[in-house]
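Enquirer:
There are 2 protein chains.
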Amino acid sequence: MNIGEASKASGVSAKMIRYYESVGLIPAAGRTTSGYRLYTMTDVQVLRFIRRARDLGFPVEKIEELLALWQDRSRQSADVKRIALEQIAGLETRIREMQAMMDTLRHLADACCGDHRPDCPILADLLEGPQQVDAHSEGGRSAANRSGPATILQTH
Amino acid sequence: MNIGEASKASGVSAKMIRYYESVGLIPAAGRTTSGYRLYTMTDVQVLRFIRRARDLGFPVEKIEELLALWQDRSRQSADVKRIALEQIAGLETRIREMQAMMDTLRHLADACCGDHRPDCPILADLLEGPQQVDAHSEGGRSAANRSGPATILQTH
DNA sequence: ATAGGGCTTCCCATCATGGGAAGGTCAAGG
DNA sequence: CCTTGACCTTCCCATGATGGGAAGCCCTAT
Numbered sequence: 001m002n003i004g005e006a007s008k009a010s011g012v013s014a015k016m017i018r019y020y021e022s023v024g025l026i027p028a029a030g031r032t033t034s035g036y037r038l039y040t041m042t043d044v045q046v047l048r049f050i051r052r053a054r055d056l057g058f059p060v061e062k063i064e065e066l067l068a069l070w071q072d073r074s075r076q077s078a079d080v081k082r083i084a085l086e087q088i089a090g091l092e093t094r095i096r097e098m099q100a101m102m103d104t105l106r107h108l109a110d111a112c113c114g115d116h117r118p119d120c121p122i123l124a125d126l127l128e129g130p131q132q133v134d135a136h137s138e139g140g141r142s143a144a145n146r147s148g149p150a151t152i153l154q155t156h
Numbered sequence: 001m002n003i004g005e006a007s008k009a010s011g012v013s014a015k016m017i018r019y020y021e022s023v024g025l026i027p028a029a030g031r032t033t034s035g036y037r038l039y040t041m042t043d044v045q046v047l048r049f050i051r052r053a054r055d056l057g058f059p060v061e062k063i064e065e066l067l068a069l070w071q072d073r074s075r076q077s078a079d080v081k082r083i084a085l086e087q088i089a090g091l092e093t094r095i096r097e098m099q100a101m102m103d104t105l106r107h108l109a110d111a112c113c114g115d116h117r118p119d120c121p122i123l124a125d126l127l128e129g130p131q132q133v134d135a136h137s138e139g140g141r142s143a144a145n146r147s148g149p150a151t152i153l154q155t156h
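Residue numbers (UniProt numbering), protein chains in the order written: chain A, 1 to 156; chain B, 1 to 156.
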């Protein structure tokens, strides 16, 4: 099977298959005499494994561990579960951070009348920083590390 | 004010201040005869604006728009609100995607006994793909584009 | 004068992914 | 046999925001 067919069969782009090979996530594929990579159904299975793990947000580094465990017949399911739980925890953290941003933004957007006038509490907040506007509504400004050294997180 | 002081006063690292200048988010700072950048309190205010917007997850591109609106006295608050709502929508989407991943993972982790034995439903799922295990529990496998061309998203 | 800390620019790395160029290969049809 | 088009190869570049670090200049206090 050429790389294009393996790509279609696995849902992993040819570009990424080469990349995974280059970083050692998968072993170097066999080659034809003319240099074309060759794949077997087993290789495709591995690629599908990788794609599914990526779909669950696992970074390549973790997928390496997962693949190793998969190929280790004497693995302990506890090891797999630990990796999954770590991934869950990471996702949870990032979700919480984004949720905090969203809450703050909603708060601000709600306060902005959004008409032709220039006055805007959103800009005011960005300019002057978090004001204690409203004490009862869940602390007013819990969101997004609004005070302190701000671990800014990747949102793109 | 040197860049170090501006950095401390604004909470933006010197590295990032130079970067923001290089990409045109802020105008080139004044310089001493020896080439040191110089900042005023106004510059620091802009940097703080940027930092707060980053804390809310706005990409630099959007911050450019926000800064332009801020400096436009004839702005319409509707424009600011639109940008904020777009940001909220983007956050919402990413949160939903991650939530779907998390739900799937939790499902799998719950099914994994996590002991010394090698049998592991997590690995089984990654290998064989989404099985219709359980019809009643919210569709069993709604998560993470588990079928179809999978727009894989950045989670790091 | 010298030491130490701050500043400058420039390059590199991240993480996973795509785009594209330049060139070799293969299969089908004229 | 040769051309065409689809496929493959490698290599370089870009993304986005950030940090690390090197080499070298500047400033201030001892």
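Using N, Cα and C, we set each Cβ at its ideal position, and we do this for glycine too.
Treat the numbers as computed from the prediction; the structure is a model and nothing was measured.
So the alpha helix (DSSP H) A/Arg82 belongs to, where does it begin and stop?
Expert: If you number the first sequence from 1, residue 82 of chain A lands on position 82. Its alpha helix (DSSP H) spans residues 77-111.
Enquirer: Does A/Gly4 come out as helix, strand or coil in the three-state DSSP assignment?
Expert: Translated into positions along the first sequence, residue 4 of chain A becomes position 4. Correct three-state label for A/Gly4: helix.
Enquirer: Under 8 Å between C-beta atoms, does A/Thr104 make it to chain B?
Expert: Here residue 104 of chain A refers to the residue found at position 104 of the first sequence. Answer yes: the Cβ-Cβ gap between A/Thr104 and chain B drops below 8 Å somewhere.
Enquirer: From A/Ser85 to A/Ala53, what distance separates their C-alpha atoms?
Expert: Counting from 1 along the first sequence, the entry for residue 85 of chain A is found at position 85. Counting from 1 along the first sequence, the entry for residue 53 of chain A is found at position 53. Checking the sequence shown, residue 85 of chain A turns out to be Leu, not Ser. The straight-line gap from Cα to Cα measures roughly 14 Å.
Enquirer: Considering Cα atoms alone, identify which of B/Arg37, B/Glu97, B/Ala78 is closest to B/Glu5.
Expert: Residue 5 of chain B sits at position 5 when you count from the first residue of the second sequence. Looking at the Cα atoms, B/Arg37 is the closest of the given residues.
Enquirer: Looking at the secondary structure, which residues open and close the alpha helix (DSSP H) in which A/Arg48 lies?
Expert: Here residue 48 of chain A refers to the residue found at position 48 when the first sequence is read from its first residue. From DSSP, the alpha helix (DSSP H) with A/Arg48 extends over 41-55.
Enquirer: Give the secondary structure of B/Leu69 by DSSP, where H, G and I count as helix, E and B as strand, and everything else as coil.
Expert: Against the second sequence, residue 69 of chain B aligns to sequence position 69. Helix at B/Leu69.
Enquirer: Whose C-alpha, out of A/Asp115, A/Arg82, A/Ala111, is nearest the C-alpha of A/Ala124?
Expert: Numbered from its first residue, the first sequence carries residue 124 of chain A at position 124. Of the candidates A/Asp115, A/Arg82, A/Ala111, the one whose C-alpha sits nearest the C-alpha of A/Ala124 is A/Ala111.
Enquirer: B/Arg31 by DSSP, collapsed to three states: which one?
Expert: As a working mapping, residue 31 of chain B is identified with position 31 in the second sequence. B/Arg31 falls in the strand class under three-state DSSP.
Enquirer: So, for B/Val12: in the same chain, excluding its five sequence neighbours on each side, which residues have a beta-carbon less than 7 Å away from its beta-carbon?
Expert: Along the second sequence, read from residue 1 onward, the residue named residue 12 of chain B stands at position 12. These residues qualify, in order along the chain: Leu47, Ile50, Arg51.
Enquirer: Quick one: is B/Leu69 near chain A, going by C-beta distance under 8 Å?
Expert: Taking the first residue of the second sequence as 1, we reach residue 69 of chain B at position 69. Chain A contact via Cβ: present.
Enquirer: Candidates A/Thr33, A/Gln45, A/Thr32: which alpha carbon is nearest A/Ile17's?
Expert: Numbered from its first residue, the first sequence carries residue 17 of chain A at position 17. For A/Ile17, the nearest C-alpha among the options comes from A/Gln45.
Enquirer: Go ahead and pull the three-state DSSP assignment for B/Arg117.
Expert: For the purposes of this step, residue 117 of chain B is taken as the residue at position 117 of the second sequence. Of the three classes helix, strand and coil, the one that applies to B/Arg117 here is coil, per DSSP.
Enquirer: Do you know offhand how far A/Ser77's Cα is from A/Glu61's?
Expert: The sequence position of residue 77 of chain A within the first sequence is 77, counting from 1. The sequence position of residue 61 of chain A within the first sequence is 61, counting from 1. If you take the alpha carbons of A/Ser77 and A/Glu61, they lie about 19 Å apart.
Enquirer: Would you mind telling me which residues of chain B sit closer than 9 Å to A/Ile122, beta carbon to beta carbon, in chain order?
Expert: Counting from one through the first sequence, the residue named residue 122 of chain A turns up at place 122. By Cβ distance, chain B contributes Leu66, Ser77, Val80, Lys81, Ile83, Ala84.
Enquirer: Name, in chain order, the residues that DSSP records as bridge partners for A/Leu38.
Expert: Here residue 38 of chain A corresponds to residue number 38 of the first sequence, with the count starting at 1. BP columns for A/Leu38 point to A/Gly30.
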